[in-house]
Structure formats: C-alpha cells, structure tokens
Amino acid sequence: MNAKIDWAYSEKLKEHFINPRNVLEDEESYQDDGKGIVGNMKCGDEMLIVIKVDKEKGIITDCKWKTYGCASAIASTSILSEMVIGMTLEDAYNISPKDIAKELGGLPVHKVHCSVLGDKALKAAINDYYSRNGMEDKVKKEEARVVCHCMNVTDHEIEEAVLDGARSFLDIQEKTKAGTVCADCKEEIIDLLDKYKKKHFEA
Amino acid sequence: MVLRNVYMDNNATTPLHPEVKKELVKAMEVFGNPSSMHQFGQAAKVMMKEARESVASFIGSSPEEIIFTGSGSEANNTVLSILACPARQCSFSGAGKYNKVITSVIEHPCVMETVKCLSDRSIEVKYISVDKYGKIKMDELEQELKKGPALVSIMTANNEIGTIQDIKKISEIVHQYGSLFHTDAVQAVGKIPIDVNDLGVDFLTMSAHKIYGPKGIGALYIHRDTPFCPLIRGGHQEGGRRAGTENTLGIVGFGKAVQLRKEEMTAEHDRLLKYKEKLREGLKNRIEHIYFNGHPEDSLANTLNVSFPGAEGESILLYLDLEGIAVSTGSACASGSLDPSHVLLSTGIPIENAHGSIRISMGRETSEEDIDYMLDVLPGIIKKIRDMSTVSMGSVGGIK
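Chain order of the listed sequences is A and B. Counting from 1 along the first sequence, just add 4 to a position and that's the residue number in the working numbering. Counting from 1 along the second sequence, just add 28 to a position and that's the residue number in the working numbering.
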C-alpha cells in the first residue's frame with residue numbers, strides 16, 4: 005500500500021504539497037514591493053502573496069506566500085509563485101485559476117473554486133505595488149466584484165451562469181457554487197439573478 | 029526506510045478480524061437459499077440461525093427481534109421512513125400515530141438526510157440541540173415530547189467526537205410521554221456494553237463492519253411489541269420485515285464478529301482508554317493551541333477528536349498519510365462537501381477549529397508503538413502547516 009499513495013490529486017500537485025516552494029518564512033524582515041491577501045476562514049482558505057519588483061523592467065523578481073488551506077490550496081499557491089518569478093507585471097496580472105489548475109496537471113472539479121485563490125492574492129499584490137509607487141492609474145479595478153466570499157464567486161460569474169441557463173438560486177448554486185456555504189449572499193444573488201435575467205432575456 | 033502503517037480510522041471502518049475471515053471462507057462453501065426446503069437451503073438456514081442468535085444474545089434481545097439489513101444506514105432509513113408515515117389507510121398498527129420525528133443535530137447523515145426528506149413530505153421534524161460536549165439537551169427534548177406522540181431517534185455514541193448519550197434516561201423520558209424511541213448504536217455496539225432491555229429502547233441499529241465484521245451487513249433490533257412496517261417488501265424473509273434473499277455470508281460474518289467482541293471488548297476498552305489518555309497528554313505537551321472536542325469522560329475509549337487552529341484538516345490528514353498514519357477530518361475540504369462537520373459546529377466550537385480538526389479512532393490492532401509514532405510525527409506536521417499558514421498563532425510558532 006505504501007508503494008504509491010494515490011490521492012485524488014495529480015502527481016505534480018502532490019509534489020508541490022509535499023515540498024512547497026517559496027514559502028514566506030520571515031514575514032517581519034521581508035522587504036516586499038507589493039502585498040496581497042485574500043480568502044475567508046468560513047470556507048477554510050486564506051492566502052497571502054508578497055512580491056519584489058524590478059522597477060525599471062516591470063518584472064517580478066521574487067514571490068513568496070503563505071496559505072491556510074487544503075493540499076490543493078497549498079500546492080496551487082506554491083506553483084503560482086514559481087510561475088510568476090521573471091514574469092512582467094502585466095502578464096502576471098492576467099493569470100487565471102484555469103492557468104494555475106493546468107500547470108498543476110488538473111484539479112478535482114470541486115476544488116477549483118474554493119482552493120485556487122492565488123491569482124486573486126497576486127492581483128491584489130500587484131495593485132498594491134502600483135499604489136505604493138504612485139502609479140494609481142495602473143491600478144486595475146477588478147471589473148468583477150466578489151459576491152460570494154466563501155466560494156469567491158464574482159458578479160461576472162453569476163452573469164455568465166445566467167447566460168448559461170441558470171434561472172434560480174439553486175441553478176446558480178449548482179453552476180457556480182455561490183451561496184453554498186454560509187448563504188449570507190443569497191439575497192444579493194437573487195437580486196443579481198433578476199438583473200441579469202432582465203438584461204439578457206427581457207426586451 | 030520502511031514506512032509504518034498505522035490505521036487510526038476505525039470509526040470509518042475496521043479491518044476484518046482474522047477469525048471472522050476464517051469463518052467466512054468456511055461459509056462460502058454453503059451457497060443454498062435459506063428459504064429452500066432441500067438440504068442445500070437448510071444448511072444455509074442453520075448457519076444463519078446461529079448467527080442471529082449470536083447477534084441477539086450480544087445485545088440481550090431474542091433472535092426474533094433482530095432483522096438483518098444491507099447496512100446500518102438501511103436500518104436507520106427503515107425505522108424513520110416507516111414510522112413517520114402519516115398514512116392512515118394502512119395495515120401497520122402504528123400508522124398515523126407517530127407522524128412527527130424528534131432527532132438531534134449531531135446524527136449521522138443517513139438519519140439527517142432521511143429526516144430532511146420526511147420534512148419535505150410535510151412530516152414535522154424537531155432537532156434537539158447539544159451542549160459543548162455534544163450531549164443532548166434533555167429539557168429541550170422533554171418540551172418537545174410534551175406536545176404529542178413522536179418517533180424519537182438519537183444516536184448512542186457519536187461517530188465524530190465519540191460522545192455517549194444517556195440512552196437509558198432518554199428512553200425513559202420518551203416512553204413516559206408515550207412516544208417511540210430508536211437509537212443508532214452503530215458506533216457503540218461492540219465498544220461499550222449494550223443491553224436493549226436495560227436501555228429500554230424500541231429500535232436499535234448496528235453494523236458489522238465497525239466491529240471487525242464484513243461490510244454490507246447491518247441489523248435492526250425491533251422490540252417485539254413495537255409496531256413495524258417494512259421498507260423493502262415482497263418476501264417472507266426476516267419474518268416478512270425485510271424482503272430479499274438474505275446475505276448469508278454477511279450474516280455469518282456478523283455473528284462471528286459479535287461473538288469475538290464478547291471475548292475481546294472489555295480488555296480492549298481498558299487498553300484503548302489508556303492509549304487515549306497518553307495521546308491526549310502527549311499532544312497537549314508537544315503542541316500549542318490544541319483543543320479536544322467531545323465529552324471528557326462520557327466518550328468512546330477509542331475516539332479522540334482534536335483541533336489545531338491555524339492548520340487545515342485535509343492538509344493534516346494528507347501529511348499524516350504520507351507518514352503511513354490514517355485518520356479522518358471534520359474539515360470541509362476533505363469531505364467533498366463545502367461545510368465543515370455539522371457535529372463539531374453544533375457543539376459551538378469556532379469554525380476554524382472545525383476546519384482544523386482530525387479524528388483519531390483506534391481499534392483492536394492499535395499498539396502502544398502506534399501511539400508513540402503518532403506523538404513523534406504529528407507535532408512536526410502541525411508545525412510545518414502552521415509555518416506556512418496565514419493564520420498567526422502568535423510568537424510561539426505553534427509548537428512547544
């Protein structure tokens with residue numbers, strides 16, 4: 005039984021979980037140029053990402069992190085930190101959860117929404133860098149706004165779900181997992197549902 | 029390096045007892061249908077009769093009061109679905125009388141989901157809450173009972189935190205108000221002494237695979253005077269109370285498993301209780317910020333549920349697995365569902381303690397070396413996880 009441990013995860017994910025890269029060890033003395041933290045204890049995931057930036061070239065030269073969460077949360081932050089070192093701020097900003105999942109060799113479906121928060125922490129860190137360096141104009145306002153904080157689902161995703169056929173709160177829960185944990189956002193989701201139904205399906 | 033294999037997830041399931049295995053191999057030769065009158069059938073019937081007697085005597089019932097089911101879940105479903113049926117045009121003598129269910133907030137999903145389904149079918153359901161140790165609030169129960177006859181279903185011992193209810197007392201109160209009482213004793217039978225006459229229950233559920241027997245076989249005790257109606261119809265098996273050709277192999281395995289429990293249970297209980305205390309003390313001395321869940325005394329000797337805030341449960345489970353130690357967790361991430369354990373949350377612990385919880389459940393194969401190994405390995409894992417966690421445990425670093 006010990007020869008090969010077979011979890012629900014890919015070999016690459018396991019390897020990053022067992023040997024996480026770029027963990028932020030000394031938070032006090034790390035001189036970061038940008039810092040971002042996202043997550044929610046209710047869902048059981050929280051991530052912190054710090055970056056160092058080559059200001060002339062606009063390139064990320066170092067990335068460290070801390071994560072509270074399950075194996076895929078730890079591994080996805082670890083692999084993201086490797087992906088972004090040497091990358092331009094622009095490219096790094098555009099990394100999506102899908103890109104991270106792909107790099108990990110795939111993720112169980114129910115893990116994608118809740119455990120891949122690294123891209124959002126990274127975006128926050130990059131925006132933080134811009135603000136600190138008087139480049140407010142570059143700060144990208146997330147066009148999408150997080151509605152469900154437990155599952156990290158944005159209004160954009162809810163709109164997409166409506167376009168994809170969702171017509172009830174239950175449909176939204178099924179398609180996006182929004183509102184499936186504490187359901188504090190239920191009313192807001194129902195309002196958005198009405199809004200998008202009107203926007204797209206009523207003349 | 030040879031990795032140790034330390035199985036500490038015995039509340040999930042147990043390894044087959046070697047003696048049960050031997051008995052099963054013998055029983056495989058007997059293939060007849062117990063309902064057949066010829067010698068092949070009769071051989072199977074005799075084998076089944078002996079097993080039924082063994083199970084019955086283990087809980088102090090008569091053999092006719094035991095029906096075998098496909099699982100503990102089926103036994104629980106049977107009692108809840110049938111008795112809470114509000115139909116009045118039915119030959120079942122309790123029909124229309126017990127059309128309300130009272131249960132607790134810490135039941136197994138097979139009770140929770142069934143009760144929810146009943147509620148969807150307009151049957152009234154009341155959930156009794158628990159205190160911080162997971163004990164039923166008796167005053168709440170009594171208040172509900174005063175309102176009219178109900179079917180009450182409360183588990184004997186909890187699978188996650190090990191808390192044992194005062195079943196005898198609950199049974200007395202339930203009957204005092206003219207209601208019926210069922211207890212899911214899947215985690216209790218074979219771990220603590222259970223006598224249905226002493227407890228005074230109407231129904232009691234048990235399962236073989238939690239006590240070193242085979243999977244796919246459960247049993248339901250039904251008091252001889254209690255009204256009943258089958259869930260699975262269409263056959264005279266089990267006295268017309270559960271149709272379908274009997275799982276003779278499973279039944280034989282169940283019979284052997286309880287027979288062995290009779291011999292091994294008491295000594296094992298004392299041994300595991302010592303291990304549990306050693307584990308509790310050892311972990312407390314080695315790890316900062318540690319919380320034990322469940323009742324400090326009225327608890328299964330084999331079960332220790334512990335929370336490490338700042339360390340998430342699935343990560344603890346998987347790092348332990350890499351060291352060869354198997355446990356389970358109340359964290360949302362590992363369950364496939366999105367919520368952490370409803371049992372732990374019901375006791376009022378903070379959500380991060382539920383996410384950071386593991387259940388250690390020992391068994392007959394657990395040795396003192398296993399406990400020492402756990403004490404060697406777990407503190408390092410908690411430190412590793414907390415060191416990369418965003419949830420700060422202050423300057424202590426999470427380890428003593």
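Here a beta-carbon is modelled for each residue, glycine too, at the ideal position from N, C-alpha and C. Keep in mind the model is a prediction, meaning the values are calculated, not measured.
Determine the direct distance from the alpha carbon of residue j to that of residue i, and round the result to whole angstroms.
i: K290 of chain B; j: H66 of chain B; result: 34 angstroms
i: R414 of chain B; j: I94 of chain B; result: 50 angstroms
i: V107 of chain B; j: M51 of chain A; result: 46 angstroms
i: I388 of chain B; j: I379 of chain B; result: 19 angstroms
i: C154 of chain A; j: C74 of chain A; result: 15 angstroms
i: I279 of chain B; j: I164 of chain B; result: 33 angstroms
i: T276 of chain B; j: S235 of chain B; result: 15 angstroms
i: I130 of chain A; j: S85 of chain A; result: 13 angstroms
i: D141 of chain A; j: E32 of chain A; result: 29 angstroms
i: T180 of chain A; j: L174 of chain A; result: 10 angstroms
i: K238 of chain B; j: G88 of chain B; result: 19 angstroms
i: E51 of chain B; j: A79 of chain A; result: 46 angstroms
i: S63 of chain B; j: E266 of chain B; result: 11 angstroms
i: V151 of chain A; j: P114 of chain B; result: 42 angstroms
i: S147 of chain B; j: G124 of chain B; result: 15 angstroms
i: E152 of chain B; j: G376 of chain B; result: 25 angstroms
i: L406 of chain B; j: D37 of chain B; result: 15 angstroms
Could you have a look at residue i and say whether DSSP puts it in helix, strand or coil?
i: Y249 of chain B; result: strand
i: G43 of chain A; result: strand
i: L31 of chain B; result: coil
i: K200 of chain A; result: Residue identity check: residue 200 of chain A is Tyr in the sequence provided, not Lys. The answer is helix: DSSP assigns Y200 of chain A an H, G or I state.
i: R387 of chain B; result: strand
i: L288 of chain B; result: helix
i: H45 of chain B; result: coil
i: A354 of chain B; result: strand
i: Y240 of chain B; result: coil
i: D49 of chain A; result: strand
i: D326 of chain B; result: coil
i: L259 of chain B; result: coil
i: G122 of chain A; result: helix
i: T106 of chain B; result: helix
i: T294 of chain B; result: helix
i: G38 of chain A; result: strand
Report back the beta-carbon spacing between residue i and residue j to the nearest angstrom; my notes put them in contact at under 8 angstroms.
i: Y240 of chain B; j: L44 of chain B; result: 6 angstroms
i: V34 of chain B; j: A354 of chain B; result: 7 angstroms
i: G310 of chain B; j: L403 of chain B; result: 4 angstroms
i: N39 of chain B; j: T233 of chain B; result: That pair is no contact at about 15 angstroms.
i: I4 of chain A; j: A187 of chain A; result: Missing from the structure shown is residue 4 of chain A; chain A here goes from 5 to 207 and no further.
i: D349 of chain B; j: A360 of chain B; result: Rounded, the Cβ-Cβ distance is 18 angstroms, inconsistent with contact.
i: N321 of chain B; j: S335 of chain B; result: 6 angstroms
i: G43 of chain A; j: E340 of chain B; result: Actually they are not in contact, since the Cβ atoms of G43 of chain A and E340 of chain B sit about 11 angstroms apart, beyond 8 angstroms.
i: G176 of chain B; j: K219 of chain B; result: About 35 angstroms separates the two Cβ atoms, so there is no contact after all.
i: L108 of chain A; j: K201 of chain A; result: No, L108 of chain A and K201 of chain A are not in contact; Cβ-Cβ is about 35 angstroms, not under 8 angstroms.
Going along chain B in order, which residues have a C-beta closer than 9 angstroms to the C-beta of residue i?
i: L126 of chain A; result: Those do not exist, as L126 of chain A stays about 14 angstroms from chain B at its closest Cβ, beyond 9 angstroms.
i: I83 of chain A; result: Within 9 angstroms Cβ-Cβ: nothing; I83 of chain A doesn't reach chain B, min ~14 angstroms.
i: I78 of chain A; result: E340, S343, I413 and M416
Along chain A, which residues have their Cβ under 8 angstroms away from the Cβ of residue i?
i: V405 of chain B; result: Going along chain A, no residue has its Cβ under 8 angstroms from V405 of chain B, so there is no contact; the nearest lies around 14 angstroms.
i: S359 of chain B; result: G48 and C74
Could you tell me which residues DSSP pairs with residue i in its beta bridges?
i: A185 of chain B; result: B:I192
i: E152 of chain B; result: B:K128
i: N333 of chain B; result: B:N321 and B:R387
i: C67 of chain A; result: A:I55
i: V158 of chain B; result: B:I164
i: V217 of chain B; result: B:I220
i: T233 of chain B; result: B:D212 and B:L248
i: I95 of chain B; result: B:L248
i: T375 of chain B; result: Bridge partners of T375 of chain B: none, in fact.
i: L179 of chain B; result: B:V129 and B:L208
i: T221 of chain A; result: For chain A, the structure presents residues 5 to 207; residue 221 of chain A sits outside this window and is missing.
i: Y72 of chain A; result: A:E50
i: T92 of chain A; result: A:I63
Can you pull the chain A residues whose beta carbon is under 9 angstroms from the beta carbon of residue i, in chain order?
i: D37 of chain B; result: Here the premise fails: no neighbours, minimum Cβ distance about 13 angstroms.
i: S82 of chain B; result: Those do not exist, as S82 of chain B stays about 32 angstroms from chain A at its closest Cβ, beyond 9 angstroms.
i: G338 of chain B; result: Y72
Using a cut-off of 7 angstroms between C-beta atoms, extract the partners of residue i located in chain B.
i: D75 of chain A; result: According to the sequence displayed, residue 75 of chain A carries Ala and not Asp. Neighbours of A75 of chain A on chain B, chain order: E342, S343 and L346.
Closer than 7 angstroms by beta-carbon distance: list the chain A residues that pair up with residue i, in chain order.
i: T41 of chain B; result: Within chain A, no residue comes near T41 of chain B; the closest Cβ sits about 15 angstroms away, beyond 7 angstroms.
i: D367 of chain B; result: V185
Along chain B, in chain order, which residues have C-beta atoms closer than 8 angstroms to that of residue i?
i: V27 of chain A; result: D415 and M416
i: E41 of chain A; result: It is worth fixing the name first, because residue 41 of chain A is Ile in this sequence and not Glu. T418, listed in chain order.
Contact criterion: CB-CB distance below 8 angstroms. Does residue i meet it with respect to chain D?
i: I176 of chain A; result: You won't find chain D in this structure, because its protein chains are A and B.
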